[in-house]
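Contents: one structure, followed by commentary.
6 protein chains.
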Amino acid sequence: MLIGVPKEIKVHEYRVGVPPAGVRELVHNGHQVMVQKDAAEEIGLHNEDYERAGAELVETPEEIFERADMVVKVKEPQAHECAMLREGQVLFTYLHLAPDPAQTNALVESGSVAIAYETVTDDMGGLPLLAPMSEVAGRMSIQAGAHCLEKEQGGRGVLLGGVPGVEPANVTIIGGGVVGSHAARMAVGMGAQVTILDRSIPRLRQLEELFGASAHTIYSTA
Amino acid sequence: MLIGVPKEIKVHEYRVGVPPAGVRELVHNGHQVMVQKDAAEEIGLHNEDYERAGAELVETPEEIFERADMVVKVKEPQAHECAMLREGQVLFTYLHLAPDPAQTNALVESGSVAIAYETVTDDMGGLPLLAPMSEVAGRMSIQAGAHCLEKEQGGRGVLLGGVPGVEPANVTIIGGGVVGSHAARMAVGMGAQVTILDRSIPRLRQLEELFGASAHTIYSTA
Amino acid sequence: MLIGVPKEIKVHEYRVGVPPAGVRELVHNGHQVMVQKDAAEEIGLHNEDYERAGAELVETPEEIFERADMVVKVKEPQAHECAMLREGQVLFTYLHLAPDPAQTNALVESGSVAIAYETVTDDMGGLPLLAPMSEVAGRMSIQAGAHCLEKEQGGRGVLLGGVPGVEPANVTIIGGGVVGSHAARMAVGMGAQVTILDRSIPRLRQLEELFGASAHTIYSTA
Amino acid sequence: MLIGVPKEIKVHEYRVGVPPAGVRELVHNGHQVMVQKDAAEEIGLHNEDYERAGAELVETPEEIFERADMVVKVKEPQAHECAMLREGQVLFTYLHLAPDPAQTNALVESGSVAIAYETVTDDMGGLPLLAPMSEVAGRMSIQAGAHCLEKEQGGRGVLLGGVPGVEPANVTIIGGGVVGSHAARMAVGMGAQVTILDRSIPRLRQLEELFGASAHTIYSTA
Amino acid sequence: MLIGVPKEIKVHEYRVGVPPAGVRELVHNGHQVMVQKDAAEEIGLHNEDYERAGAELVETPEEIFERADMVVKVKEPQAHECAMLREGQVLFTYLHLAPDPAQTNALVESGSVAIAYETVTDDMGGLPLLAPMSEVAGRMSIQAGAHCLEKEQGGRGVLLGGVPGVEPANVTIIGGGVVGSHAARMAVGMGAQVTILDRSIPRLRQLEELFGASAHTIYSTA
Amino acid sequence: MLIGVPKEIKVHEYRVGVPPAGVRELVHNGHQVMVQKDAAEEIGLHNEDYERAGAELVETPEEIFERADMVVKVKEPQAHECAMLREGQVLFTYLHLAPDPAQTNALVESGSVAIAYETVTDDMGGLPLLAPMSEVAGRMSIQAGAHCLEKEQGGRGVLLGGVPGVEPANVTIIGGGVVGSHAARMAVGMGAQVTILDRSIPRLRQLEELFGASAHTIYSTA
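Going down the list, the sequences are from chains A, B, C, D, E and F.
According to the numbering used here, the first sequence is numbered sequentially starting from 1.
According to the numbering used here, the second sequence is numbered sequentially starting from 1001.
According to the numbering used here, the third sequence is numbered sequentially starting from 2001.
According to the numbering used here, the fourth sequence is numbered sequentially starting from 3001.
According to the numbering used here, the fifth sequence is numbered sequentially starting from 4001.
According to the numbering used here, the sixth sequence is numbered sequentially starting from 5001.
Written as structure tokens, this is what we have:
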């Protein structure tokens, strides 16, 4: 299969659909991969890295959308990307269609087969392609919150973990899933007093085994 | 030196001034030890254990107070024990003289040399003979508190550590010395949410290193 | 559905079938709830709490058993409660029928639909309504055991965790299920030397991951 | 002694020389305290809090510098504050004189007794008034570093702790004193791979006991 | 069923197919067990232990192979053991047939029912009889590796955990299954810096929960 | 000062008195250093490393002993090394004189100033040059012991940490100083059940804080 990887064009999106190591795996399994020039330059993955991994470098996204059997991206396609999709072409990326009827219509009209990362399920009913984003989001949330609590950022001047003799901050986490448990780990790691609410007692039990006395669990009601 | 160990006579006092291992150490260092018969029977230290360790068993406390150069006890001497003390005889035991003028006078009149365990200091200014009692007291305090919180004992029906989904109890410990830090260990171990108050920031720092995120420290003011 | 919650009448039973938060959930889902006056007064849940949650307060258990479609309790029904049950009425409570033929017969004769908490299973084959009781029982068992080992309670005068220089007590836990693992956590937390026996090697593996070097596991044979 | 607490005037300095709890301690010990109105309004300590603690509220810094026996501040005095200091008046604050000859001269000329927090030593040779600042600085440093590594802040897009399957960041801490050890705690807590360099082997030993396998220590040479 | 346990004859194999506790279980379940004399003498399990457990002691392996319905061993049968197997007789042991066509043919010719420990699966698809060997292998691997790194054994003179001021060794573990995770535990316990590679992100997540910051996980590609 | 570093000549001694980093420090402080060629080749420190650090390479030990103001070694000088020492020359190395009157006499006769690493004390009364050796010795002792317990080495076939379902080994450590506490860390890390005996209760307290429930402490008597 000929797989195409265009450069992401959404603001503040520096990631890329397939890194060089992924190219190598795909080529190793008999596929061909073409990557837009400088697609991941900003995150330190260079054109030579891609060439060494076996990718063909192409100049324009147009060429990718025209030739590829499957287009692999990170973010949902922007309007003019949707316009380039072809009947039967596979698009593999995050879509987040629910709040975005314009994109949904554009995809339907394109006749392409659009598979959303966030809806792929594994044998256990998990969401393997969403989970890593949730892990990052959970960990970043505490880092961002700690930053916002700094007095200079307009916050209350609270240090999550306090110092000896000064009480730590209270961090309450609503929902103990992937995002919540990774947020809890960061918050516990930074010394905060952490409470996790969840509606599932079995999940609260797992969290209690994981965190022991360093985080508390409360059963959440309506 | 001839050392005498009478049976304790205060209510609920089952301990003994010198256990058989201590007798062995004393005899090993050239002393003689006499122990009242059945002095430690209730805590599983039998007359044979003492004999095997080199002690002479004697029938009455009177014989001990009459012959011994030094009397080793646990609790402060009761009135008729004070009456048996002799000029120059050494008494080594817990005294707690402050609230007890009657005992103080009796000891002064006896002419004996009374050394209180609780006032013996080591090179570092610590109280080596009081510390183990404080360790036991600190650990017992949480055990006793947990028991008293049971509904059947008239308590509020609170389990220190909660269970998954139910918040743990708050335990506030005033003073982070030997008693307080051992109490904190038990409370943390039973899963409670523990806060320690102390007036010494350096001590709060040590406690924070010891307990990490599992207990909080607050500087205590007047 | 009209749900009724009578006051528990068994000795030392202070709990209640539905707390105010549960009433709110039930009312939120379209049910009506009536609660016997002062049903949970002793555990700090007041009549006003129930009224605010949307419950109707009634004076007598008779009225509850007469009107309710489903009666929710904690303990098995006592003889005169069984006599009040009606054909087709649902009783939801702990029953523990095995050792109690009198109750079993009374329930059969009543024609009611009696559902025992302890037999409700979830998708994984677990017993979700029994597990929290097992968690409490496991944690309480060590607290009760520690209390009974005190010399004043007629015990051997052993402190579970010892103190520095004095060995901790040995705690052997037979069965590493919910009760056993929560007992082990308390015992480890109090500093005892803990050994868990179980007939399932996979369970022993889970326990070893949970406790690491702080508890030992032994495979149990006949 | 009449103690005066002016509002801090340096940019981004929201702290205050004495909080209400400190006023209470001082008054309790027989001193009088006057505080400039709204001195700590921005960090949630209100005029009423100070009045309730026993402080006299005054309108201007001029009144404080004129009447007080001792002026307690946070930051080094600004030029016009130095001009208000009087012969024999005590100034107690952070000074950081080394890089600031202008301030040094102004203080010398004022004839006041200026005591720098950062030079007060305790019995052990420690710096008790500098240590809490170092603790805060150490903990903040990692929080600030983590923020700066975010791609949106122009960083390399590295998450300190990684996520499962992605290696954590390396954090190297030069100097294992108060700042360094608190920085190490935050970095370890956030999941980074931490290495601490120090020129004192005894200190490296303490750090290794504190961090175990979660941080590495290296002896630092010229 | 009559079960026979011969002495192992492979070099350096000191184990035995059934220990006395296993004999007791089998007899308790209605089977008969015969054990070759001195079969486990070297590992401290004596003939009397077997007799007390209910086994019949026999002199020769020939008698066992002739009479037993099932032969239980540890290692694959050697050539002359295969020759003793009978039509329909059950052989239960580790076989490792893949690299050993000679043994495979001998077993096929014998007409016996040979069941390999390493292929028995449980309800979850696990390999319950292989896992304990993998646990031992994983733990031993680090112990053996540490020994081989000693200078006197011709190694590089590296101590896995270093000492304060000297960096620990890097241990990279390829594959995070049973062998790998137990190896990781030993390596972490000895203070090494551990990295685990695996191709399964869900497994890496479990390992990260188990090891926290003390081991790192990397997703492995071709 | 001219400092000389000869190659060690005792069997199984691969270390060297000064590594290249130490040479750099000494040169940086105004000294001159000469090192025997290939002195540390076996532990991966090459002649070029020494030259780059500023050392002069010399061919023979004779030249070093003849020219150097101070000779720095690892092990005690062998007979013919003693013979090369000169009046007033400083020898800095481990000496272990107590069991070695021949060496003692040779040193006295040489007229050199021999300073033993193992007797250098710091301000706290510690032995800073002996402690690292004790750390290594303590850690190695458990590694060596684990190796010797392997069945193939003639041991009892015991794995220190056991596996799930099999009890770990008991490790008893006599003396909780530097050697003992580092041995305890390795033994705990490998999963053994560890008991430490010491005659100092304050030391046992430190050890208990360090090891928590993962090792036990017992006060040691005669």
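For each residue, glycine too, the CB sits at the ideal point set by N, CA and C.
Query: What's the call for cysteine 3082 of chain D, buried or exposed, on a 16-neighbour Cβ count within 10 Å?; Result: buried
Query: What first and last residue would you give for the alpha helix (DSSP H) that runs through methionine 4084 of chain E?; Result: 4079 to 4084
Query: Could you run through the stretch 5194 to 5214 of chain F and flag, in chain order, every residue whose CB is less than 9 Å away from some CB of chain B?; Result: Ile5201, Pro5202, Arg5205, Glu5209, Gly5212 and Ala5213
Query: Kindly indicate which residue of A:Val179, A:Leu45, A:Gln103 and A:Gln36 has the alpha-carbon position closest to the one of proline 19 of chain A.; Result: A:Leu45
Query: Tell me, please, whether the CB atom of lysine 2075 of chain C is closer than 8 Å to any CB atom in chain B?; Result: no
Query: Count the other CB atoms, across all protein chains shown, that sit within 10 Å of the CB of glycine 1180 of chain B; report buried if there are 16 or more and exposed otherwise.; Result: buried
Query: If you scan the stretch 1156 to 1219 of chain B from start to end, which runs of the beta strand (DSSP E) of 3 or more residues do you find wholly inside it?; Result: 1170 to 1174, 1193 to 1198 and 1215 to 1219
Query: Contact criterion: CB-CB distance below 8 Å. Does threonine 221 of chain A meet it with respect to chain C?; Result: yes
Query: Just reading off the alpha helix (DSSP H) that alanine 5137 of chain F is part of, what are its end residues?; Result: 5131 to 5148
Query: Counting pairs of beta carbons, one from the stretch 1137 to 1155 of chain B and one from the stretch 2149 to 2165 of chain C, are three or more of them closer than 8 Å?; Result: yes
Query: Which residues bound the beta strand (DSSP E) around glycine 13 of chain A?; Result: Note on identity: in this sequence residue 13 of chain A is glutamate, with glycine being the wrong assignment. No beta strand (DSSP E) holds glutamate 13 of chain A; DSSP gives it neither H nor E.
Query: With a threshold of 8 Å on Cβ separation, who are the neighbours of isoleucine 43 of chain A within its own chain once the five nearest residues in sequence on each side are excluded?; Result: Tyr14, Arg15 and Val16
Query: Please decide whether histidine 216 of chain A counts as near chain B, where near means a Cβ-Cβ distance under 8 Å.; Result: yes
Query: Does any residue of chain A bring its CB to less than 8 Å from the CB of glycine 1191 of chain B?; Result: yes
Query: Within 8 Å (strictly less), CB to CB, does glutamate 1167 of chain B reach chain A?; Result: yes
Query: Flag this pair as yes or no: are the beta carbons of valine 35 of chain A and glycine 54 of chain A separated by less than 8 Å?; Result: no
Query: Can you name, in chain order, every residue of its own chain whose Cβ lies under 6 Å from the Cβ of valine 90 of chain A, other than the five neighbours on each side?; Result: Met70 and Val113
Query: Identify, in the order they occur along the chain, each residue of the same chain with its Cβ nearer than 8 Å to the Cβ of leucine 4129 of chain E, setting aside the five sequence neighbours on each side.; Result: Tyr4117, Glu4118 and Val4120
Query: On the premise that leucine 3210 of chain D lies in contact with glutamate 1209 of chain B, defined as a C-beta separation below 8 Å, what is that separation, rounded to the nearest angstrom?; Result: 6 Å
Query: Reducing DSSP to helix, strand and coil, say where alanine 3055 of chain D ends up.; Result: coil
Query: What are the boundary residues of the alpha helix (DSSP H) that leucine 2022 of chain C is part of?; Result: Note on identity: in this sequence residue 2022 of chain C is glycine, with leucine being the wrong assignment. Run containing glycine 2022 of chain C: 2020 to 2028, per the alpha helix (DSSP H) assignment.
Query: Could you tell me which of B:Ala1184, B:Gln1193 and B:Phe1092 sits nearest to methionine 2190 of chain C, measuring between CA atoms?; Result: B:Ala1184
Query: Taking a Cβ distance cut-off of 9 Å, strictly less, list which residues of the stretch 2149 to 2168 of chain C are near chain F, in chain order.; Result: Gly2161, Gly2162, Val2163, Pro2164, Gly2165, Val2166, Glu2167 and Pro2168
Query: Cβ closer than 7 Å: which chain E residues qualify as neighbours of valine 3188 of chain D?; Result: Ala4213
Query: Quick one: using the 10 Å Cβ neighbour count with 16 as the cut-off for buried, is histidine 4096 of chain E buried or exposed?; Result: exposed
Query: What's the call for isoleucine 9 of chain A, buried or exposed, on a 16-neighbour Cβ count within 10 Å?; Result: exposed
Query: Can you check whether the C-beta of proline 3128 of chain D is within less than 8 Å of a C-beta belonging to chain B?; Result: yes
Query: Does any C-beta atom of chain E lie closer than 8 Å to the C-beta of arginine 24 of chain A?; Result: yes
Query: Taking all protein chains shown into account, do 16 or more other C-beta atoms lie within 10 angstroms of the C-beta of aspartate 2123 of chain C, making it buried, or fewer, making it exposed?; Result: exposed
Query: Out of F:Gln5078, F:His5031 and F:Pro5132, state which residue places its alpha-carbon closest to the alpha-carbon of proline 3202 of chain D.; Result: F:Pro5132
Query: Taking the alpha-carbon positions, what's the isoleucine 4218 of chain E to valine 4171 of chain E distance?; Result: 13 Å
Query: Can you list the residues of chain D that histidine 46 of chain A reaches, using a CB-CB cut of under 8 Å?; Result: The premise fails here: histidine 46 of chain A is roughly 15 Å from chain D at the closest Cβ pair, so nothing lies under 8 Å.
Query: Identify whether isoleucine 5009 of chain F lies in helix, strand or coil by the three-state DSSP scheme.; Result: coil
Query: Taking a contact to mean a Cβ-Cβ separation below 8 Å, would you say glutamate 135 of chain A touches threonine 4221 of chain E in this structure?; Result: no
Query: Is the distance from the Cβ of valine 3033 of chain D to the Cβ of isoleucine 3003 of chain D below 8 Å?; Result: yes
Query: Determine the burial state of threonine 1060 of chain B: buried for a count of at least 16 other Cβ atoms within 10 Å of its Cβ, exposed for fewer.; Result: exposed
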